[in-house]
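K.L.:
Please find one structure pasted underneath; my questions will follow.
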Amino acid sequence: MVKLFVGNLGEGVDSHRLRNLFLQYVNVQECDVLKNYAFVHVPTEEDADLAIRELDKTMLEGRELHIERSTSRLRKEPGMSDKCFTCGALDHKTPQCPQEQSRKKKRPNETDDYAAKRTNNGVQTPVAVQQGNSAQCWGYKIPGPEADPELPCPINLELRPLYDQYIESPAVQTHREYHSDGSTFGFVPIKKSTFDPFLNSITPEEAQRLHLINAYRRHGYLKANLDPLNLTETPKVRELDPGVYGLKLTDQDKNGITVEKLLNQLEALYCGPIAVEFMHLNDWEERHWFSQMYEKILTEDLTRDDKKKIVSLMLKSQNFDNFMGLKYPTVKRYGCEGAESMMAFFHELFEVSPQNEIDDIVMCIAHRGRTNLLLELLKFPVPTLFRKLQGKSEFPENVEGSGDVMSHFTSSIDYETSEGKVHITMLPNPSHLEAVNPVAMGKARARSWTKNVGDYGSIENGSQAGDNVLCLQVHGDGAFTGQGIVWESMILSQCPHFRVGGSIHLVTNNQIAFTAEAKIGRPSTHCTDIGKSLPSPIIHVNGDSPEDLVRATRLALSYRQKFRKDVFINLVCFRRWGHNELDDPRFTQPLMYKVIDKRESVPDKYCNQLIEQGEFSLEERKKIIDDHTAELMKAFKEVDKVEPRAVHLEGNWKGFKQASKEFTKWDTGVDLDLLRFVGAKSVEVPEDFNVSPHLKKTHCEARITKIKSGENIDWSTAEALAFGSILAQGFDIRISGQDVGRATFCHRHAALVDQEDDKVYIPLNNISKDQKNFLEVVNNPLSEEAVLGFEYGFSLENPKRLCLWEAQFGDFFNGAQIIIDTFIASGESKWLTQSGLVMNLPHGYDGAGPEHSSCRMERFLQLTNSTENQNPPDGDNVNFYVANPTTSAQYFHLLRRQVITPYRKPLVIVAPKILLRHPMAGCKLTDFGPGKSFENVIDDTADPSKIEKVIFTSGKHAYALMKEKEERKISNVAIIRIEGLCPFPVEDLRNVVQRYTNAKKFIWSQEEPRNAGAYDFVSRRLENSLGITVAYAGRKELAWTASAIGEHHTKEIKELMDETFNF
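Going by this note's numbering, the first residue of the sequence shown is number 497, and it counts up by one from there.
Below you can see the structure in the form of structure tokens.
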């Protein structure tokens, strides 16, 4: 016998009710309720494990149960009623113990009716309860509201009052839920459930059947008929054997229903061509709701019109693949053959979305079936596709772009349904599978901000994350289980400031990834098992059953709308050809393809099924195929007559343009009175807000002093001035990173925390009462790839929003290298999608060693399309900008430049660390005023006529050189700072260098190693464009970024300075 502690019981829970709850999963030998906790005895360790797994964190009477093995002594024999547990006396039971009675508080609102039901000479009697809706499977209603915190392990009764006082304190409440008062912009507290919990009073015999029912709900999917190829051997699942629960097939219940009949029902529900996994969900309400809705939807028949639409879409998809095979036999089209049922999924989801108040769908999909979807449902111009296959551009002639392969094409349309329209945006997709997932999530969330709904809506109006906007993600089985970004993205799905209200995931499960079988590609049973970790429900569907896929779609959308969480559909299908149509898979999967070669196609099988049922005819089939072929032939013949239409700068982007080939200098200065106003507001807090005394002095009061004096405006103040002025001009701002509210180097403090109650206050969101634009401060999880992808997607939605991502240290950007390579650096060239994303990458050799010194600026410079010979010179149209600013004003102007240009370009800022508070990096307030702008080159102030040696450098190393120059009392050396590295400022450099007519030596000095930093990039451009050959002064080539040995670091600095000044 094993003793379990059950904590955090609600006021109305008695032992009978608690026993019935446990009986749904395990046998109960004793159940004794003591105030708001209880002890339950179960027979075995296995029963204890099962009870904890199933019932821990269960919601009951609005409280979240805490269940664990008891640490108190276990009685040698059953018989809790023989002895009082509180005082140990034998003359009364625990509920009647005087000690216990003295502790009891009067139950609020206790009616006579309830009290009469609750007690009968000290013996508790069951309260009448309402029968559950699922009579066929005894689907008992179960609790589901979100909970207060867990009760820890058994608490000494003398400490109980202290614990109650602790739990009820405001400080504890704020820890339990992220900013539950809704005061933080970009986060609306999750709605509490109003689910009304009831439990049926059941007999032990009914409990046995309930064990069997729950076993099918939990394990039925393991023996479901999911494989359209029938290659998977159906396992024997011991948990589904009635004998395990002491049942015989002939046993009858009080209604005369035999166990055999019950089994047949359960097999049909949970082991057919559609199966579900949901019993791992933590919340009772979710599990109950899901079982009820699933059993309801599964019995719904599709209309004849529904079936005709499904078969029509599938036949057209198959016909398109056949047409492509004839006209373009050497093209890798990554067709839909073997997975045509997915067309039924898309059609159903698009059709029912308006009924569910969804008017925007942002979706991502890999290559498989993408083109079929584009042509059949998303109105992609067929002639444009054929034009691409004939070697022509998908863009108009007046638009510059490199384009992308056919399987990465995209679309953005208004999809019309009988219930209204829904806008569908399919994002462009790189061949790095799954990398687009967080991009889609970011754009979907940003769309919510544009529409002022969800987390950006009104709490008073009941806004929830995911209102009106749905994120749809379509995956392949191999990449879904193999790529780490999948897990990173799933983590984001329920995090504050990243929530999208749940994504619907469709996994196109080919049962093979390129040539790797499932058993090689993953250790789990199904490719969707990763979804259990959220936890999310999973719906498995046989790809030969498109009607069940429609039902799965309805269930998935209903769940998402109800609970605003992710849900997964595993479409088990097959691949008619290899990884592409030119690949022969029979070398590695001969048995699988023997089966595939012999079987009829998925559309033909479903079509024949409908014909046999009398719901479709051969004549209808012929007409669909003939008409569709005629449409394709017409488009094929019109290729030369069609000019692609430019659609990349529409909607929110209307009025923007592609960047010019000219190098433009933008006036980014701001009226000084406005700067003083927003500067003061950036540290203003309410009178009752308790700022840290240290911050009050060193941050708030110090900033006011700097603003008033107009001197020494440091980095954080410059950023606050930039943010405040950008908000004042009608732009929103989102800054994301690991602890960006405070910042890694404790300088920003954009989000202040009350020292008494942990409430967060963002001063820049309280500039004025009628403020319309806001700053979203996002402290993100410890992820780079998914988070940067999310922020990139966010930046695609609306150009009137400044988006920044700040790495904890610049060294960690390479965790997101795929996002940088395939989206940020090349997205506009491939897809014409503009992004103004700013990447702040702290950089600087301060003796911190590897991984804390370098953002590897050389890699970013190599990724730019800056021309080495500078003929013609770089213009505004480089693929992204790289800057290494050395003053606070320069940083200010960089940020403001990002929003005032009529185009958008990503910006990589080689951000400082020690310069954040360096006195030489501080600026006068007038440096931020009207007429000022970012200076690509900062010249020395020395007399040009005395200069014999010119040192070029970039970044904070300039200040070390200045200090060394002063200490050595050198007057014939000029130090020129190149602040803007890309576009390369040829003309600015020419104007500066021309001043030094007596200079005979030119040196490039950097703190980075020879095989890093900006030397290679800058030296070739100086030589090719200005005829200047620079000598190198810096660290030698290294396999690492920086030394972690202090003595070595100091020695390297000395050698570097000697080499620079003694050259």
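For glycine and all other residues, C-beta sits at the position ideal for the given N, C-alpha and C.
All of these numbers come straight from a predicted model, not from anything done at the bench.
Could you tell me the boundaries of the alpha helix (DSSP H) in which residue 1453 lies?
P.N.:
If you number the sequence shown from 1, residue 1453 lands on position 957. Where residue 1453 is concerned, the enclosing alpha helix (DSSP H) stretches over 1453–1463.
K.L.:
Which residue comes first and which comes last in the beta strand (DSSP E) that contains residue 813?
P.N.:
Counted from its first residue, the sequence shown places residue 813 at position 317. Premise fails: residue 813 lies in the alpha helix (DSSP H), 800–823, not in any beta strand (DSSP E).
K.L.:
Does the distance from the CB of residue 832 to the CB of residue 808 come in under 7 Å?
P.N.:
Locating residue 832 in the sequence shown gives position 336, where the first residue counts as 1. Locating residue 808 in the sequence shown gives position 312, where the first residue counts as 1. Cβ atoms of residue 832 and residue 808: not closer than 7 Å.
K.L.:
Looking at residue 1091 and the ligand FMN, is the gap between the Cβ and the nearest heavy atom below 6 Å?
P.N.:
By its list of ligands, the structure shown contains no ligand whatsoever, and the ligand FMN lies outside what it can speak to.
K.L.:
For the alpha helix (DSSP H) containing residue 1356, name the first residue and the last one.
P.N.:
On the sequence shown, residue 1356 is found 860 positions in, with the first residue counted as 1. That run of the alpha helix (DSSP H) goes 1353–1359.
K.L.:
Just to confirm the assignment, what range does the alpha helix (DSSP H) spanning residue 1220 have?
P.N.:
Along the sequence shown, one-based indexing puts residue 1220 at 724. 1211–1224 is the extent of the alpha helix (DSSP H) around residue 1220.
K.L.:
How is residue 528 classed by DSSP in three states: helix, strand or coil?
P.N.:
For the purposes of this step, residue 528 is taken as the residue at position 32 of the sequence shown. In the structure shown, residue 528 sits in a strand (DSSP, three-state: E or B).
K.L.:
Taking the alpha-carbon positions, what's the residue 1164 to residue 847 distance?
P.N.:
In the sequence shown, the residue the question calls residue 1164 occupies position 668. In the sequence shown, the residue the question calls residue 847 occupies position 351. For residue 1164 and residue 847, the distance between alpha carbons rounds to 47 Å.
K.L.:
Tell me which residues share the same chain as residue 1402 and place their Cβ nearer than 6 Å to its Cβ, disregarding the 5 neighbours each side in the sequence.
P.N.:
In the sequence shown, counting from the first residue as 1, residue 1402 sits at position 906. 1320, 1331, 1333, 1376.
K.L.:
Ordered along the chain, which non-local residues of its own chain (more than five positions away) have a Cβ less than 8 Å from that of residue 525?
P.N.:
Here residue 525 refers to the residue found at position 29 of the sequence shown. Contacts found: 497, 537, 538, 539, 574.
K.L.:
Go ahead and label residue 1072 buried or exposed: buried means 16 or more other beta carbons lie within 10 angstroms of its beta carbon, across all protein chains shown.
P.N.:
Reading the sequence shown from its first residue, position 576 is the one you call residue 1072. With 16 or more other Cβ atoms within 10 Å, it is buried.
K.L.:
So, helix, strand or coil for residue 1548, using DSSP?
P.N.:
Translated into the one-based positions of the sequence shown, residue 1548 becomes position 1052. If DSSP states are grouped into helix, strand and coil, residue 1548 belongs with the helices.
K.L.:
Which ranges would you report for the beta strand (DSSP E) in the region 995–1033 if only whole runs of at least 3 residues count?
P.N.:
Here the runs fully enclosed are 999–1005.
K.L.:
I'd like to confirm the pairing. Which residues does DSSP put opposite residue 1232 in its beta bridges?
P.N.:
One-based indexing of the sequence shown puts residue 1232 at position 736. According to DSSP, which records beta bridges pairwise, residue 1232 is partnered with 1274, 1301.
K.L.:
Could you pull out every unbroken beta strand (DSSP E) segment of at least 3 residues lying fully inside the region 1308–1346, listed in chain order?
P.N.:
The qualifying runs are 1334–1338.
K.L.:
Please classify residue 1261: is it buried, with 16 or more other beta-carbons within 10 angstroms of its beta-carbon, or exposed?
P.N.:
The residue you call residue 1261 lines up with position 765 of the sequence shown. Residue 1261 comes out buried.
K.L.:
Rounded to whole angstroms, how far is the Cβ of residue 724 from the Cβ of residue 1070, which I believe are closer than 8 Å?
P.N.:
In the sequence shown, the residue the question calls residue 724 occupies position 228. In the sequence shown, the residue the question calls residue 1070 occupies position 574. Indeed, because the Cβ distance is near 6 Å, the residues count as touching under 8 Å.
K.L.:
In its own chain, which residues sit with a C-beta less than 6 Å from the C-beta of residue 653, not counting the 5 before and 5 after it?
P.N.:
Residue 653 sits at position 157 when you count from the first residue of the sequence shown. With a pLDDT of 42 at residue 653, under the threshold of 50, the modelled position of that residue is not reliable, and the figure given next carries that caveat. There are no such residues.
K.L.:
I'd like to know whether the C-beta atoms of residue 815 and residue 1107 end up nearer to each other than 7 Å.
P.N.:
Stepping through the sequence shown from its first residue, residue 815 is reached at position 319. Stepping through the sequence shown from its first residue, residue 1107 is reached at position 611. For residue 815 and residue 1107, no; Cβs fall outside 7 Å.
K.L.:
Exposed or buried, residue 1274, counting other C-beta atoms within 10 Å across all chains shown (16 or more means buried)?
P.N.:
Taking the sequence shown and counting its residues from 1, the one referred to as residue 1274 is at position 778. Result: buried.
K.L.:
To the nearest whole angstrom, what separates the beta carbons of residue 736 and residue 715, a pair I think is in contact under 8 Å?
P.N.:
Here residue 736 corresponds to residue number 240 of the sequence shown, with the count starting at 1. Here residue 715 corresponds to residue number 219 of the sequence shown, with the count starting at 1. Indeed, because the Cβ distance is near 6 Å, the residues count as touching under 8 Å.
K.L.:
Whole angstroms is fine: what's the gap from residue 1145's alpha carbon to residue 1152's?
P.N.:
Taking the sequence shown and counting its residues from 1, one reaches residue 1145 at position 649. Taking the sequence shown and counting its residues from 1, one reaches residue 1152 at position 656. Answer to the nearest angstrom: the Cα atoms are 6 Å apart.
K.L.:
Helix, strand or coil, according to DSSP, for residue 1500 in the structure here?
P.N.:
Indexing the sequence shown from 1 puts residue 1500 at position 1004. Correct three-state label for residue 1500: strand.
K.L.:
Output the boundary residues of the beta strand (DSSP E) element that contains residue 1448.
P.N.:
The residue you call residue 1448 lines up with position 952 of the sequence shown. Unbroken beta strand (DSSP E) run through residue 1448: 1445–1449.
K.L.:
By DSSP's criteria, residue 908 is part of a beta bridge. Which residues make up the other side?
P.N.:
Along the sequence shown, one-based indexing puts residue 908 at 412. 921, per the DSSP bridge assignment.
K.L.:
Hey, out of 1178, 861, 1201, 1288, whose CA is closest to residue 839's CA?
P.N.:
Translated into the one-based positions of the sequence shown, residue 839 becomes position 343. Answer by Cα proximity: 861.
K.L.:
Using the Cα positions of residue 1325 and residue 899, report the straight-line distance between them to the nearest angstrom.
P.N.:
Here residue 1325 refers to the residue found at position 829 of the sequence shown. Here residue 899 refers to the residue found at position 403 of the sequence shown. Straight-line Cα distance between these residues: approximately 7 Å.
K.L.:
Name the one or two DSSP bridge partners that residue 499 has.
P.N.:
Taking the first residue of the sequence shown as position 1, residue 499 is located at position 3. According to DSSP, residue 499 bridges with 537.
K.L.:
What does a CB cutoff of less than 6 Å around residue 1250 pick up in its chain, not counting 5 residues either side in sequence?
P.N.:
In the sequence shown, residue 1250 corresponds to position 754, counting from 1. If we look at residue 1250 and ignore the five residues flanking it on each side, its Cβ neighbours are 1185, 1186.
K.L.:
With a 10 Å radius around its C-beta and 16 neighbouring C-beta atoms as the bar for buried, classify residue 740 as buried or exposed.
P.N.:
Position 244 of the sequence shown, counted from the start, is the residue given in the question as residue 740. With fewer than 16 Cβ atoms within 10 Å of its Cβ, residue 740 is classed as exposed.
K.L.:
For residue 1560 and residue 1047, what's the separation of their Cα atoms in angstroms?
P.N.:
Nothing in the structure corresponds to residue 1560, since the chain is present only between 497 and 1559.
K.L.:
Report yes if the C-beta distance between residue 1575 and residue 856 is below 7 Å; otherwise report no.
P.N.:
It is not possible to answer for residue 1575, since the shown part of the chain is limited to 497 through 1559.
K.L.:
Assuming residue 944 contacts residue 950 under a Cβ cut-off of 8 Å, what Cβ separation, rounded to an integer in Å, is found between them?
P.N.:
In the sequence shown, residue 944 corresponds to position 448, counting from 1. In the sequence shown, residue 950 corresponds to position 454, counting from 1. Indeed they touch by this definition, with Cβ atoms about 4 Å apart.
K.L.:
What's the C-alpha gap between residue 876 and residue 1050?
P.N.:
Your numbering for residue 876 matches position 380 in the sequence shown. Your numbering for residue 1050 matches position 554 in the sequence shown. Each residue's Cα considered, the two are about 26 Å apart.
K.L.:
Determine the contact status of residue 1002 and residue 994, defining contact as a CB-CB distance below 7 Å.
P.N.:
The residue given as residue 1002 occupies position 506 in the sequence shown. The residue given as residue 994 occupies position 498 in the sequence shown. Against a cut-off of 7 Å, the Cβ pair of residue 994 and residue 1002 comes out as no contact.
K.L.:
Quick one: is residue 615 buried, meaning 16 or more other Cβ sit within 10 Å of its Cβ, or exposed?
P.N.:
Numbered from 1 along the sequence shown, position 119 holds the residue referred to as residue 615. Reliability of the predicted coordinates at residue 615 is poor, the pLDDT of 34 falling under 50, and the value obtained from them is presented with this limitation in mind. The residue in question, residue 615, is exposed, as its Cβ has fewer than 16 Cβ neighbours within 10 Å.
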